[in-house]
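Here is the structure we will look at.
Protein chains: 2
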Amino acid sequence: MAPPTAIDIEGVTDTEAIVLPDPLTLNGVSARRAKAGKLVAGTAAFTSSDFFKGSSNTWKPKAKRWDHYLSVESRSRQPSSLKGAAKFLNNPGLISLGGGLPCAEYFPIEELTVKVPSPPHFSEQETKESGTVLKAGKYDVSGGHSAYDLSIALNYGLGTGSAQMIRFVTEHTEIVCNPPYGDWQCALTVGSTHALDQTFRIFCERGDYVLSEEYTFASAVETALPLGIKFVGIKMDAEGLLAEDMDELLTNWDAQARGSRKPRVLYTVPSGQNPTGATQSKSRRHAIYKVAQKHDIYILEDEPYYFLQMQPYTGPNAPPVPPPASNDEFLKALIPTYLSMDTDGRVLRMDSFSKVIAPGTRVGWITASEQIIERYVRHNECSVQNPSGISQLVLYKLLDESWGHGGYLQWLINLRLEYTKRRDVLLTACEKYLPKEIVSWDPPAAGMFLWLKINWTLHPASSSKSITAIEEEIFLAAIAQGVLVSRGSWFSADRSDFTPTDMFFRATFAAATGEKMAEAIERFGVAVRECFGLE
Amino acid sequence: MAPPTAIDIEGVTDTEAIVLPDPLTLNGVSARRAKAGKLVAGTAAFTSSDFFKGSSNTWKPKAKRWDHYLSVESRSRQPSSLKGAAKFLNNPGLISLGGGLPCAEYFPIEELTVKVPSPPHFSEQETKESGTVLKAGKYDVSGGHSAYDLSIALNYGLGTGSAQMIRFVTEHTEIVCNPPYGDWQCALTVGSTHALDQTFRIFCERGDYVLSEEYTFASAVETALPLGIKFVGIKMDAEGLLAEDMDELLTNWDAQARGSRKPRVLYTVPSGQNPTGATQSKSRRHAIYKVAQKHDIYILEDEPYYFLQMQPYTGPNAPPVPPPASNDEFLKALIPTYLSMDTDGRVLRMDSFSKVIAPGTRVGWITASEQIIERYVRHNECSVQNPSGISQLVLYKLLDESWGHGGYLQWLINLRLEYTKRRDVLLTACEKYLPKEIVSWDPPAAGMFLWLKINWTLHPASSSKSITAIEEEIFLAAIAQGVLVSRGSWFSADRSDFTPTDMFFRATFAAATGEKMAEAIERFGVAVRECFGLE
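Here the protein sequences come in this chain order: A and B. Quick note on the UniProt record's numbering: the first sequence kicks off at 1 and runs consecutively. Quick note on the UniProt record's numbering: the second sequence kicks off at 1 and runs consecutively.
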């Protein structure tokens, strides 16, 4: 069978035109697994996404090489001699006195169980009543009961993460993103903030600038700054960062004036952006990708809120949009990822279980081209090694052995509807309690955050007090009324010589109950009215 | 009550002379906890070792300041604005729409159980039969059933780690080390290799040298190198690194010739050193500490094998030494830590659960002065955040709620005896199967490793072949015989222009069964004889 021709994205107006064979569908997983045979992966087993990807990937073009973008630090990472000796472990009959791996006999955990929801009964009450208890023993693998057990999970692992979890996230990534180049791979992370630290160290040198939205995840900026890396903000609208402004900024980059070479990396949160709640449309993503191609920018796609894309907002008086009727419909309703349009292999996507399972797992994963994943895994070997084996085992039992990909998508649909409800409660409260002439907002389509814009020019002291002082006044007035919201200036990408012209506050609809949220917004309304001298 | 006078270590020959009041003993824990009252620490609660330390610490002198040693990177770390706003969360009645913490309602784990040994019945068989099942629910804290639950463990935490685990490791550290200065603190890590990465970034700049044993943990060297930090090896004997050689090296440091300023940091593994198995005696540690004081060296005390100190080796025909009769006797049998003699606050000690509970927990902790811990925690906030909450919860249930400090020490005694048995099997096999004229060794007093010295000058090709070529020949001959041992040269501290004069192989007694170990050593003996042309 001849491979279909991949069409170069440069020549077409829409990446949808690229024809790719055999993408993994939900229904295809069982068949592929059956064909591959039983997963055999013991203690510290070598693994790779390549073991679990579809054959279609072998027909796709390879990713670009990024040798010229790798930092001095990343280029100098060598594979460890000891890990190199692992190849001899395959010799039949070999006895290893090589690696200092403790004996499973001395791990004082004989069995672990978790009680989890049985799809589609996801509520806490239902789980209490009809949840499923998943059990992991120490030697389930040699007993033939499972592909993963405590003896493996509790021992050392390799820098990719366990084969068991790499299989799951690789399949999930292929189902959701199906990257258009062939040599993509996944590696587990201990969370996206640490992934960012390592990624900056792969691509950047001291003195570099990284592009981002003008308001951005504060921890990303604070992770970069001590490394000598500054963020430079790109202007935004309701759909997030503006491709034209990015192009302009790069086209007119004055290395001399900036004291720094032209940026090579864009950090972006495309869906439910923190703090603005903005979600880039499909066409916006295409436009940004094209600008990235034009200026050869590497894209860090940070997507903790990707699956918190919500139902369209219909307003307080219109009926809600019916939920996705199936997993396939749900997948189709999601805005395509950068990874899904990444013909060049210029995207490193960060996924996280923090917002969709639990932050305390401290497990996430990245997807990028083989070259970048290899550098990342070398780095893991000399830092975090891999995420907690206990977390990995719990996630494997839940996501793979119990729910499967279908059950996981059902869970994500459930979460989508829950967050839709929460957002709608917050928006209803805003419409009811906030003075429209002062406070305005765009209903968020994804994420956890509402970005409230304050027309501060109407403040009685707007001509005598600085914008920052007025922001502080409102913040403290809100605290005095009994509500904590985050100040917009905390999220500015540019930390030095930044003079804001607009004023924002960020409110989350993730944490409080519906009733408390409404009360909180009412209090915020009182605080704002007070500061602006309104009735 | 007047505080007793602390005596400056410079003025005395032995740190034991320092009189300190009220050190925490095993029996003192319950009384102190009763006095402190119930531990109340919810989601992402702020915590500090200071909440859990004994009053004696307030009388001790404070640690030295290390401002002049902090790197550019570390100095530039600022507390996050968002985390600063957390102080308002204590306002009564305040509703927070601030932080984006997900609701526990959406964590799909309702209950978690682990089956663990009931002290003193630690074997796998006994655990199967009479183990204890520990259970954690989602809302055990609000239900009054526990001080820690899934709703807290599965959410975000702060950079110190959970209050629940910080309490345990702080008490444990006080029982074992009782640091002689007052403002010591602990912070959890995701493992000592990552702690090393962060610590190098706190103390070192590109181009720096770090002191270490001449043969050292390969991953430590490989963690430092990409940061532009080289290791410089200090000569060793059977008790590990030589204080005099360290003094000489530092006294004669030629910054110009080396192209680098005088080292400021010593990395050492004092007990059961990897790869040599050497254990520094108490007097050696004192001598090294004094040299560190003389040259103002900061000490990284990496102690994964501290509790794998074994019973004295009595040889194949003598009866074994009776095991410690009590927890107190066990504690007294341990060689004092650097932290326990650290009057200056110049030690950062790394502890790990990897070798004594399980590597897959990916939980360890560091102890150092408040200043350094604060810098470390700031760094955690912009990288790993904290270890897996699931791991922390499992460890808390096991170590704190079930075993307590006493049960944990019993477990460590059990481990001591198990490793003693394993070491003795390996040594017996060495005595039986290895040609004494070629291979020699010191019986290790701690750890997992035996360091076999090869008298390579007796090799038939010693005058024509390089030492490295002969090392490789023996390594491959052993592989051909069916045994993998690690080559000594893999562990050399100096990676560039290093010409070894001695030859070593490292064998572990941690991994294989007794029978397999004996067989492996027999095979190694055959390989050596073959290479050296012996009968």
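We put the CB at the ideal spot given by N, CA and C, even for glycine.
Does residue i come out as helix, strand or coil in the three-state DSSP assignment?
{"i": "T223/B", "result": "helix"}
{"i": "G28/A", "result": "helix"}
{"i": "A187/A", "result": "strand"}
{"i": "T268/A", "result": "strand"}
{"i": "M246/B", "result": "helix"}
{"i": "T58/B", "result": "helix"}
{"i": "M517/A", "result": "helix"}
{"i": "S486/A", "result": "strand"}
{"i": "E535/B", "result": "coil"}
{"i": "E301/B", "result": "strand"}
{"i": "Y215/A", "result": "strand"}
{"i": "L434/B", "result": "coil"}
{"i": "Q311/A", "result": "coil"}
{"i": "V526/B", "result": "helix"}
{"i": "I175/B", "result": "helix"}
{"i": "H405/B", "result": "helix"}
{"i": "S96/A", "result": "strand"}
{"i": "V321/A", "result": "coil"}
Just to make sure I have the definition right: I need the residues of chain A whose C-beta is within less than 7 Å of the C-beta of residue i. Which are they?
{"i": "M448/B", "result": "G100"}
{"i": "P117/B", "result": "P108"}
{"i": "S440/B", "result": "Those do not exist, as S440/B stays about 17 Å from chain A at its closest Cβ, beyond 7 Å."}
{"i": "W411/B", "result": "P108"}
{"i": "G191/B", "result": "V384 and Q385"}
{"i": "E437/B", "result": "Going along chain A, no residue has its Cβ under 7 Å from E437/B, so there is no contact; the nearest lies around 22 Å."}
{"i": "R65/B", "result": "Correct list: empty, because the minimum Cβ distance to chain A is about 20 Å."}
Residues bridged to residue i by DSSP?
{"i": "G137/A", "result": "E111/A"}
{"i": "F504/B", "result": "K453/B"}
{"i": "Y209/A", "result": "K230/A"}
{"i": "L241/B", "result": "M236/B"}
{"i": "L348/B", "result": "L300/B"}
{"i": "G364/A", "result": "T189/A and S352/A"}
{"i": "V116/B", "result": "T132/B"}
{"i": "H121/B", "result": "S118/B"}
{"i": "S440/A", "result": "K453/A"}
Please say whether residue j and residue i have beta carbons closer to each other than 7 Å?
{"i": "T132/A", "j": "S146/A", "result": "no"}
{"i": "A45/A", "j": "A195/A", "result": "no"}
{"i": "Q311/B", "j": "V321/B", "result": "yes"}
{"i": "Y313/A", "j": "P443/A", "result": "yes"}
{"i": "M503/A", "j": "W456/A", "result": "yes"}
{"i": "A104/B", "j": "S142/B", "result": "no"}
{"i": "R362/A", "j": "P387/A", "result": "yes"}
{"i": "I372/A", "j": "C430/A", "result": "no"}
{"i": "A243/B", "j": "I288/B", "result": "yes"}
Under 8 Å Cβ-Cβ, which residues of chain A neighbour residue i?
{"i": "P387/B", "result": "R362 and S388"}
{"i": "C103/B", "result": "A510 and A511"}
{"i": "D197/B", "result": "C382 and S383"}
Please list the partners that residue i has in chain B, where partner means a Cβ-to-Cβ separation under 8 Å.
{"i": "T127/A", "result": "P108 and E110"}
{"i": "H194/A", "result": "S383, V384 and Q385"}
What residue from the options has the CA that sits closest to residue i's CA?
{"i": "D342/A", "options": "A36/A, E522/A and K60/A", "result": "K60/A"}
{"i": "R75/B", "options": "S55/A, G228/A, E329/A and T25/A", "result": "G228/A"}
{"i": "Q273/B", "options": "G161/B, R523/B and F491/B", "result": "F491/B"}
{"i": "V439/B", "options": "N414/B, I479/B, I413/B and F505/B", "result": "F505/B"}
{"i": "P263/B", "options": "S271/B, H295/B, L242/B and A238/B", "result": "H295/B"}
{"i": "E374/B", "options": "H68/B, L24/B and Q78/B", "result": "Q78/B"}
{"i": "I470/B", "options": "P500/B, Q481/B and A224/B", "result": "P500/B"}
{"i": "E174/A", "options": "A136/A, D344/A, N57/A and G100/A", "result": "N57/A"}
Which bits of chain A does residue i rub up against, with CB to CB less than 9 Å?
{"i": "residue 537/B", "result": "Within the shown structure, residues of chain B are numbered from 1 to 535, placing residue 537/B beyond reach of any answer."}
{"i": "N274/B", "result": "G100"}
Name the chain B residues whose beta carbon is nearer than 7 Å to that of residue i?
{"i": "L415/A", "result": "Y106"}
Listing by chain order, which chain B residues have their CB less than 9 Å from the CB of residue i?
{"i": "M517/A", "result": "I95 and L97"}
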